[in-house]
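These notes concern the structure reproduced below.
2 protein chains.
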Amino acid sequence: MPWLTDASKNDTVTLICDRVWLAVVQRSLRPGARLKDEDLAEAFGVSRARVRQALAVLEKDGLVSLVPNRGACIAEPGVAEARDAFYTRGFIEKRLVERLCALATQADIAALRDHIAKERAAHAGQDSEAVIRLSGEFHLLIARLTDAQFLGKILRTLTTRTSLITAMYQTESTQTCGPDEHEAIVNAIEARDAARAADMMEHHLHHLESALQLHEAKSPAVDLRAALGLSDAAAQ
Amino acid sequence: MPWLTDASKNDTVTLICDRVWLAVVQRSLRPGARLKDEDLAEAFGVSRARVRQALAVLEKDGLVSLVPNRGACIAEPGVAEARDAFYTRGFIEKRLVERLCALATQADIAALRDHIAKERAAHAGQDSEAVIRLSGEFHLLIARLTDAQFLGKILRTLTTRTSLITAMYQTESTQTCGPDEHEAIVNAIEARDAARAADMMEHHLHHLESALQLHEAKSPAVDLRAALGLSDAAAQ
DNA sequence: CAGCGCAATATTGTCGACAATAAAATTGAC
DNA sequence: GTCAATTTTATTGTCGACAATATTGCGCTG
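Protein chains in written order, with this note's numbering: chain A, 13 to 248; chain B, 13 to 248.
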């Protein structure tokens, strides 16, 4: 998976960052999960200094929150940040597909269709990790096909944060939307219908956002209280 | 200078990052300047591990390029990256001023005019460092006034990279454009003329870009401590 | 038996030292 | 005199150890 990370570098810190990033995208690391650097150090077989660097860059990326003398944990975006993330995604991705309508080659469209095929395969195979990951990578692929390096990196950050957000605020009914909406977007791109493509993208993102319950709720509290079947009034 | 950095943290690494960032914006650290971590460590009075973390995050930000066994130096964006940066800035800032036309309060416009006044003062006072810094901060102010957190951070990265680019590719004739174009943009915003505001912004950025000669350029190394503006304070 | 304070533990933050690699300088040969 | 190989130096990469701080468990007291 040679992504738009600076992949050529054998740098260990980059590897750690990518690994954590992947774990977050695949929901194997959930928001609020503690990251003890010693554990990470042993897990990667390196010293703590290296994981510390990785933690620093991940913090700047907004993926982990790093409180001074209390260690690091996966970030828990608030509702304001969630709305901002979706707003920014719409802001960027709408223009991106518009631009792609004008510039896309046949090879690009083939790549998009190929990606959707992978999504369908993962969907059929019940591989939920792959489903989630591929769903995000679709948007990154769009960014890459437009030759917009910066926007691509930005979008990587944004999709990652979206993963965090959906992990926090999704209702259990909500599954990740299937590849159908993605396919509708690709269809619009192939038809060179910029307006429809932008509409499809906006609809898609709005669909994602509205499937969440964006209220103030602490994820650990919700998990605990709901899991134990306690009423809301009692605790704390 | 309480910027949209996570300012509240007393974290040393954040301080180092901001200091280097400021030095780059003010042109006291030019592209290609070597950053020997031991020098930085002594300059800031801390150990090398700390500056190494800072270097890691700065590298991910694209501000320094960090080649495996040869140390760190201020990044030297290529022509492709330069064009991408300007494209992305236009992409974002055009929409930003459009949005600001709809949402700006009187206080916002007053803040913008106040900022332009500062720009004029620095311009009159021949304080070229302040001129350059304030010129960039104008765009960041626009981002902040629109309540777009993400776009603000993105724009901070982009303006920084623009600083690098202009430092590399500017002709000696080129001065940083005065506050006039900024004022024109604010006038359009105050008139709630979204189309004109977007045009003004596009023109402004295009003006900046076209004033450069996009060929290869060299840049010499400079003294670290003087460039970072710390006058023997921390050295001892 | 509940609440509070204190000690024990665990985890983080910071640092200096050692090994590995690249750049520079010296020396030798043609 | 110049080029090349080798030694020398400087700088980076990595690590383990020590100090500071938060968390946990225990015991004491009311």
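Don't be surprised by glycine CBs; every beta carbon is placed ideally from N, CA and C. Predicted model, so just to flag it, every value in this text is computed and none were measured.
Indicate whether at least one CB of chain B lies closer than 9 Å to the CB of A109 of chain A.
Inspection of the sequence shows that residue 109 of chain A is occupied by Val rather than by Ala. It does not; no Cβ of chain B falls within 9 Å.
Quick one: give me the first and last residue of the beta strand (DSSP E) that V143 of chain A is part of.
Note, V143 of chain A: premise wrong, no beta strand (DSSP E); alpha helix (DSSP H) at 140-157.
H218 of chain B classed as buried or exposed, judged by whether at least 16 other C-beta atoms fall within 10 angstroms:
exposed
Roughly how many angstroms separate the alpha carbons of V36 of chain A and N81 of chain A, rounded to a whole number?
23 Å
Using the rule of at least 16 other Cβ atoms within 10 Å of the residue's Cβ for burial, across every protein chain shown, is A116 of chain B buried or exposed?
buried
Counting along the chain, where does the beta strand (DSSP E) carrying V79 of chain A start and finish?
76-79
Whole angstroms are fine: how far does the CA of H216 of chain A sit from the CA of C98 of chain A?
What sits at residue 98 of chain A in the sequence shown is Phe, not Cys. Each residue's Cα considered, the two are about 11 Å apart.
Could you tell me whether any Cβ in chain B is nearer than 9 Å to the Cβ of E93 of chain A?
yes
What would DSSP say about C29 of chain B, mapped onto helix, strand or coil?
helix
Using a Cβ cut-off of 7 Å, pull out every chain B residue sitting near F150 of chain A, in sequence order please.
In chain order: nothing, as chain B lies at least about 20 Å away.
Output yes if chain B places a C-beta closer than 9 Å to the C-beta of D23 of chain A; else output no.
yes
Near R60 of chain A, which residues of its chain fall below 7 Å by C-beta distance, leaving aside the five closest residues on each side in sequence?
D49, E50, A53
Reduced DSSP category for C85 of chain A - H, G, I as helix; E, B as strand; rest coil:
strand
Could you compute how far the alpha carbon of A247 of chain B sits from the alpha carbon of S77 of chain B?
Low local confidence applies: a pLDDT of 35 at A247 of chain B is under 50, so the model's placement there is unreliable, and no value is given.
Report the option in B:M180, B:A179, B:Q182, B:G148 whose CA atom is closest to the CA atom of T169 of chain B.
B:G148
Less than 9 Å between the beta carbons of I155 of chain A and L167 of chain A, yes or no?
It should be pointed out that residue 155 of chain A corresponds to Ala in this sequence rather than to Ile. Yes, they are a contact pair.
Does the beta-carbon distance from E193 of chain A to A94 of chain A come in below 9 Å?
no
Around the C-beta of D126 of chain B, are 16 or more other C-beta atoms found within 10 angstroms, so that it is buried, or is it exposed?
exposed
Whose Cβ in chain A lies nearer than 7 Å to the Cβ of F56 of chain B?
Here the premise fails: no neighbours, minimum Cβ distance about 16 Å.
Would you kindly work out how many angstroms separate the C-alpha atoms of R173 of chain A and T100 of chain A, rounded to a whole number?
11 Å
Beta-carbon of A66 of chain A versus every beta-carbon of chain B: anything under 9 Å?
yes
Candidates B:L226, B:A66, B:R46: which alpha carbon is nearest D23 of chain B's?
B:A66
Tell me the DSSP secondary structure of R46 of chain B in three-state form.
strand
What residues are listed by DSSP as bridge partners for Q182 of chain B?
B:L224
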